[in-house]
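Taking it in order: structure first as structure tokens, then the write-up.
In the working numbering, the protein residues as written are 436 to 892.
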């Protein structure tokens, strides 16, 4: 069976008849522009299909099963692990034109959306009606909801409000074998949770119902500056242990701060580590949470506390966090970005271990992230043209991953497995667990046409 390669004229004609001539792209420029994602890895597809009608998805999956061609679903291409890359050729189905969405008032308000809607558009639509859609991945201005579901995306608000998975009320999907399923919470929880994080390997999500929450009455942001990472990590651990529930709790280590200081003065003085905390809810709740967090921080040796008094001051504080990525580019043209998650009581040990590994291999590693739920983004800056350096980088990543697994953490908090973490998945998960997933894939996609080569090999 032909999986990828030279596409027959007959097959191309069939695709063209479904989507229209202008939506089937076979020229080299179009194929190349859909060959990569945020990883900078690149694999050329045999053709690119722009999907503008939901029903066309069913027709193409049916045709692909008949002919035996791979289908690779793609949103905006913001993935960090290669989940939307056509590693074996085939058809890239671009879904970002499927962006219709609407706010629905029912006994519980919600948003119904197609998979190509931007995350930020979902948030803005909820806000128009004075509601709140909490999941907020860093790529929210560019990533699509379908991609968020496929990767199980989270974000800073995940500590208090949960991730994308927690807001799915229902979804319509077409599986790899061409069956249409309508899945609803309460009845199909297990299958919904299978599709959330499945990275397009089981089928394609066509419609999603997303829950929303009433907007918090008030929110407040405070920045704690510390001389050492250990002081900051002890503060974070104590905040969680004492039952303070921030809406956001973000952390930046000394290397992140070093990068930011070179990029744009963040106003943290001699501090080497920063914790940013946001509290939201009723005014009394917010005041209490900030007060308790400040008390804990002072007991752990905080050297500076900055409280935002206005929304513009809040934005300036969060700008420090947003500036990390552009600031890190000053330390290397290429970034290996991993998103480990560890138990809260192992935060100090983990950061210290990563720094020791960084020093031993002679690589620049900056740690930051959603520290409240143990999610640490480890960014290693490098130049992939330097083969000797890249060997040290990947050796460092391997050692970090093995340490994380040994202490009961996970190698992927919200970026998925894709192709970049496959070899480590076999360390974190048992053969039995992986075999179970393979059998599930076979059930939904018996011909193996859906996004092959992802998650496991």
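For each residue, glycine too, the CB sits at the ideal point set by N, CA and C.
Cβ distance (whole Å) where residue i is taken to contact residue j below 8 Å
{"i": "residue 849", "j": "residue 598", "result": "7 Å"}
{"i": "residue 735", "j": "residue 669", "result": "5 Å"}
{"i": "residue 682", "j": "residue 592", "result": "6 Å"}
{"i": "residue 767", "j": "residue 816", "result": "3 Å"}
{"i": "residue 496", "j": "residue 632", "result": "Residue 496 to residue 632, Cβ: 20 Å. No contact."}
{"i": "residue 554", "j": "residue 572", "result": "7 Å"}
Residue i (DSSP reduced to helix, strand or coil)
{"i": "residue 436", "result": "Since pLDDT at residue 436 reaches only 38, below the 50 mark, its modelled position is unreliable, and the value read off the structure follows with that caveat. Looking at residue 436 - three-state DSSP - the assignment turns out to be coil, as it is neither helix nor strand."}
{"i": "residue 455", "result": "coil"}
{"i": "residue 875", "result": "helix"}
{"i": "residue 481", "result": "coil"}
{"i": "residue 813", "result": "strand"}
{"i": "residue 654", "result": "strand"}
{"i": "residue 498", "result": "helix"}
{"i": "residue 718", "result": "helix"}
{"i": "residue 489", "result": "helix"}
{"i": "residue 576", "result": "coil"}
{"i": "residue 891", "result": "coil"}
{"i": "residue 713", "result": "strand"}
{"i": "residue 567", "result": "strand"}
{"i": "residue 596", "result": "helix"}
{"i": "residue 820", "result": "coil"}
Span of the beta strand (DSSP E), counted from its first residue to its last, around residue i
{"i": "residue 537", "result": "536-539"}
{"i": "residue 770", "result": "769-776"}
{"i": "residue 849", "result": "Element bounds for residue 849: n/a, residue is neither H nor E."}
{"i": "residue 603", "result": "603-610"}
{"i": "residue 625", "result": "Note, residue 625: premise wrong, no beta strand (DSSP E); alpha helix (DSSP H) at 624-630."}
For residue j and residue i, the rounded distance between their alpha carbons
{"i": "residue 455", "j": "residue 806", "result": "48 Å"}
{"i": "residue 841", "j": "residue 457", "result": "51 Å"}
{"i": "residue 475", "j": "residue 730", "result": "44 Å"}
{"i": "residue 488", "j": "residue 771", "result": "36 Å"}
{"i": "residue 436", "j": "residue 581", "result": "Per-residue confidence for residue 436 stands at a pLDDT of 38, beneath the threshold of 50, marking its modelled position as unreliable; the derived number appears in the next sentence. Their backbone Cα atoms lie some 29 Å apart in a straight line."}
{"i": "residue 394", "j": "residue 750", "result": "This structure cannot speak to residue 394, because the chain is shown only from 436 to 892."}
{"i": "residue 620", "j": "residue 601", "result": "10 Å"}
{"i": "residue 825", "j": "residue 652", "result": "48 Å"}
{"i": "residue 453", "j": "residue 596", "result": "41 Å"}
Residue from the options with nearest C-alpha to residue i
{"i": "residue 800", "options": "809, 778, 759 and 823", "result": "759"}
{"i": "residue 757", "options": "742, 724, 694 and 788", "result": "694"}
{"i": "residue 583", "options": "549, 790 and 711", "result": "549"}
{"i": "residue 762", "options": "566, 697 and 451", "result": "697"}
{"i": "residue 557", "options": "538, 544, 573 and 542", "result": "538"}
{"i": "residue 650", "options": "488, 790 and 544", "result": "544"}
{"i": "residue 563", "options": "507, 540 and 591", "result": "540"}
{"i": "residue 891", "options": "858, 875 and 501", "result": "858"}
{"i": "residue 818", "options": "709, 828, 780 and 522", "result": "828"}
N- and C-terminal bounds of the alpha helix (DSSP H) containing residue i
{"i": "residue 698", "result": "689-698"}
{"i": "residue 842", "result": "That residue, residue 842, is in no alpha helix (DSSP H); it is neither H nor E in DSSP."}
{"i": "residue 532", "result": "Unbroken run through residue 532: none, as it is neither H nor E."}
{"i": "residue 801", "result": "No alpha helix (DSSP H) contains residue 801, which is instead part of the beta strand (DSSP E) from 799-804."}
{"i": "residue 676", "result": "664-676"}
{"i": "residue 471", "result": "Per DSSP, residue 471 belongs to no alpha helix (DSSP H) and is neither H nor E."}
{"i": "residue 749", "result": "746-757"}
{"i": "residue 784", "result": "782-796"}
{"i": "residue 859", "result": "857-863"}
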